[in-house]
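Protein chains: 2
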Amino acid sequence: MDMKSFALKGNILYSSTPKELVCIPQGYLICEEGKVEGVYEILPERFSTIHCIDYQDSLIIPGLIDLHTHAPQYAIRSLGMDMELLKWLEYNTFPEEAKYSDPEYARKAYSIFAQDMKKSATTRACIFGTIHVEGTGILMDLLEETGLICKVGKVNMNRNCPKVLCEESEQSLKDTKVWLETSRIKYKNIKPIITPRFLPSCTEDLLTELSVICRQEELPVQSHLSENLLEIAFVKELFPSTAGYADAYNEYGLFGGSVPTIMAHCIYLTEDEIELTKKNEVFIAHCPDSNMNLSSGIAPIRKYLNHDLKMGLGSDVAAGDSLSIFKMMVETVKVSKLLWRLQDQSMTPLSIEEAFYLGTKGGGKFFGKVGSFEAGYEFDAIVIDDTSLEHPQPLTLKQRLERVIYLSDDRNLVGKFVAGNRII
Amino acid sequence: MDMKSFALKGNILYSSTPKELVCIPQGYLICEEGKVEGVYEILPERFSTIHCIDYQDSLIIPGLIDLHTHAPQYAIRSLGMDMELLKWLEYNTFPEEAKYSDPEYARKAYSIFAQDMKKSATTRACIFGTIHVEGTGILMDLLEETGLICKVGKVNMNRNCPKVLCEESEQSLKDTKVWLETSRIKYKNIKPIITPRFLPSCTEDLLTELSVICRQEELPVQSHLSENLLEIAFVKELFPSTAGYADAYNEYGLFGGSVPTIMAHCIYLTEDEIELTKKNEVFIAHCPDSNMNLSSGIAPIRKYLNHDLKMGLGSDVAAGDSLSIFKMMVETVKVSKLLWRLQDQSMTPLSIEEAFYLGTKGGGKFFGKVGSFEAGYEFDAIVIDDTSLEHPQPLTLKQRLERVIYLSDDRNLVGKFVAGNRII
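In order, the protein sequences belong to chains A and B. For the first sequence, position 127 (counting from the first letter as 1) is numbered 126 according to numbering that gives the first Met the number 0, and the numbering increases by one without interruption. For the second sequence, position 370 (counting from the first letter as 1) is numbered 369 according to numbering that gives the first Met the number 0, and the numbering increases by one without interruption.
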């Protein structure tokens, strides 16, 4: 659909704040030049001739945002998850990622990932590739075809990994520059993001040089922070002179400030790290599914919300077993309940409204004005037909959204718009 | 399909013990008179003329067993789950269950439940109805039509509940007898089970009389035990003279021994209660989804396995949000990892094999020889076509089963047999 202006009619729901869900039954959502012009209960006279798609009784909500996932690991999701992070990387992940040196395997595997991403409720994602320039290019090509808007990273890693994935610093930087040269200009919707794997995999000089690239080329960065207790101890060993995990990233210029940054997990942040995360406006990608599967723990999201940290949700495939951000919303609520019950009764469990906010407007902020239907937001919308979720009683719109979050799957997705372009 | 003997061909997988998964690629599973005759790598000569359904590359596994769920709550699954047990019963559950005094509503709601149960991978279930005799009869009628084998209970409760659901003891017993009279003889596959809601809802005299009925009519019993800390405190208040929650059930003759018993949850059992549970051969229905949704906690399943307790899985809709026992297997593993991480590092997380065992052979034992493909077991089998779960690499049968457990849905179920009768 190449129309510049159009309207969607249906039951419109979106977050204005973490606690507030706006519900407009049988409303009109107007798109102008890829942006939300407004939401109306009655179609204003000035739009009387606009092309209007009537989705009848379906729900229209903002596209979901996945702040953290690994495309090459999609092939091993739900397999062999009886290990913690470092062993899991060694035995499952690195052997799989090594396969992406073969462009044929990369194309085969990434095609499945890209198609499943397209069929999901996600409209935007931040995605790790592998170290391989060609393979990562194939991933970006395939994602561009889907119409999704993504930031994709060629991974950098030069220590503590198998030889076949271990880059020399110089080659890593050279490859990164080659990759950036093409990928900065080749795509409309897919943009590069600098991607040092995590501190244990990167030497100080590599981190420093990547930070220079971020600044020179005005690129964002994505990595992992404070996911697992053994990992944190390892970082302390590797970076003895820094105050902690976040401080080390900060010291090498890869922790927010002028470099927009996403850090996945953040389960065990100290009070100082929380302050630094806030000050530098670093985004936390909360990945509850992954954090259960790898026995990592539960991130104290209530505390982070109280500190008003920037935050969204991540599927973190393949430590997470699903691409569904709806599922991540459900698990955000569930693990927050267990944290309250098992560890700290000051941490009130999250509500479903708060989880919905995190998976839409919370994560969307990393992409600018994304994840809501307020005027001026980019027009990312999905349409859910929930009639297959039968029920015997009348339901409010909020209740229907709750059921969609818990119970829907790709069969219920009947429309998907990214920055005003219809892709389903 | 009314054949008394037939064979299924495909990739056959089943549990022999909690740790051992038997995998037979392209094997033959023989049914004779509703029971498993055997599993063979090559079809024995004596079966050369048997009718054989060739499921090609699909997986054939035992039907899943749901030891605990509430049919009337299916309508409110995934709604309003921001409360703990006692409040949730008061605000969500009791108002919904009250609606089942209306046979028309009961038929409408239970039809949805029965159809979704039929489409699921579950072949047998133990199910709570409501207090209503007519409504519970409608549920049993509808379940009988599905071909599933179920034990269904008219609920008994005579205190601490809204007036409209609160029975007089005498009427409760009279209604139970009326209900039993019909339901004991009316059905082929659906059998009654005595169902005192839980201790807070039942007076001592009602419990005692129900125990008499169990013994006179040789009926099993299902209820709840040790789900929530406030509930446990309430039970202590209500039954001050007994040593604890399990002891109270035991005192009133409703805790195993000659009365086959399922107790849902069992999160906070004391060492004495564990011993009693073992001695009396009480089945535990582990309900991890419910225990997260209602912030109840995490049952120490590793400890119970070490004690060799009888145990299976329960969906516990609507505190659980899904009927899928595959999902309960996944969550069994996930919450066991969080218990290990957050509370007790002696509790090794469960493996997927152990969770699969609990959802098949573990729970199946409550129904007799059910939940495995060893010779003499009842012929409950499901067939899963996993081709839609695309992957770029070769996978072993065990890996394919892992993926099915984590990723499949009703679309992947292409065959379902209950005691030798094909229902899908």
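Note that beta-carbon positions come from the ideal geometry of N, C-alpha and C, so glycine has one too.
- Contacts with chain B at 8 Å (Cβ-Cβ) do not include W87/A.
- In the DSSP assignment, M328/B falls within the unbroken alpha helix (DSSP H) covering 324-341.
- A direct Cα-Cα distance of roughly 59 Å separates R45/A from H264/B.
- The residues I404, Y405, in chain order, have a CB closer than 7 Å to that of V329/A in the same chain once the five nearest residues on each side in sequence are set aside.
- Secondary structure of F112/B (DSSP, three-state): helix.
- Closer than 8 Å to the CB of Q398/B there is at least one CB belonging to chain A.
- Residues of the stretch 337-362 of chain A whose Cβ lies closer than 7 Å to any Cβ of chain B, in chain order: L337, W339, R340, L341, Q342, P348, S350.
- Using beta-carbon distances, G296/A counts as an interface residue toward chain B, with a partner under 8 Å.
- Interface with chain B (8 Å Cβ-Cβ cutoff): L412/A is excluded.
- Chain-ordered, the chain A residues with CB closer than 7 Å to the CB of A74/B read H390, P391, Q392.
- DSSP lists no beta-bridge partner residue for E226/B.
- R301/B does not reach chain A, its nearest Cβ partner there being about 13 Å away, counting only Cβ pairs nearer than 8 Å.
- Cα atoms of A354/A and P287/B: separation of roughly 20 Å, rounded to the nearest angstrom.
- In the structure shown, Y251/B adopts coil according to DSSP, grouped into three states.
- Taking all protein chains shown into account, T194/A has 16 or more neighbouring C-beta atoms within 10 Å of its C-beta and is therefore buried.
- Beta-carbon to beta-carbon, T269/A and G311/A are separated by about 22 Å, too far to satisfy the 8 Å threshold.
- At a cut-off of 8 Å, the C-beta of Y267/A has no neighbouring C-beta in chain B.
- For M291/B, the neighbours in chain A by C-beta distance under 7 Å run, in chain order, K333, K336, L337.
- A residue is called buried once 16 or more other Cβ atoms fall within 10 Å of its Cβ, and I41/B, having fewer, is exposed.
- Of all residues in the stretch 103-115 of chain B, those with a C-beta nearer than 7 Å to a C-beta of chain A are Y104, K107, A108, I111, reading in chain order.
- Not a single CB atom of chain A sits nearer than 8 Å to the CB of E203/B.
- Per DSSP, P94/A is one residue of the alpha helix (DSSP H) stretching across 93-97.
- Excluding its 5 nearest sequence neighbours in each direction, K150/A has C-beta neighbours in its own chain below 6 Å: C125, K190, I192, listed in chain order.
- Interface criterion met: the Cβ of Y405/B is under 8 Å from a Cβ in chain A.
- For S77/A, the three-state secondary structure derived from DSSP is coil.
- Of the candidates N155/A, M262/A, T48/A, M262/A places its Cα closest to the Cα of L66/A.
- In the structure shown, L42/B falls within a coil segment according to DSSP collapsed to helix, strand and coil.
- In the DSSP assignment, I137/B falls within the alpha helix (DSSP H) that extends over 132-145.
- Between the alpha carbons of T48/B and E32/B lies a distance of about 16 Å.
- Using a Cβ distance threshold of 8 Å, S15/B and S387/B do not count as a contacting pair.
- Counting C-beta atoms within 10 angstroms of its own C-beta, G361/B has 16 or more neighbours from the protein chains shown and is therefore classed as buried.
- Contact note: E401/B reaches chain A through S77, L78, G79, M80, using a C-beta cutoff of 9 Å and chain order.
- As a beta-bridge residue in DSSP terms, E19/A pairs with T16/A.
- Close to D408/A, with beta-carbon spacing below 7 Å, are these residues of chain B in chain order: D408.
- The Cβ atoms of F127/A and V154/A lie closer than 8 Å to each other.
- With a minimum length of 4 residues, the unbroken runs of alpha helix (DSSP H) contained wholly in the stretch 268-293 of chain B fall at 270-278, 287-292.
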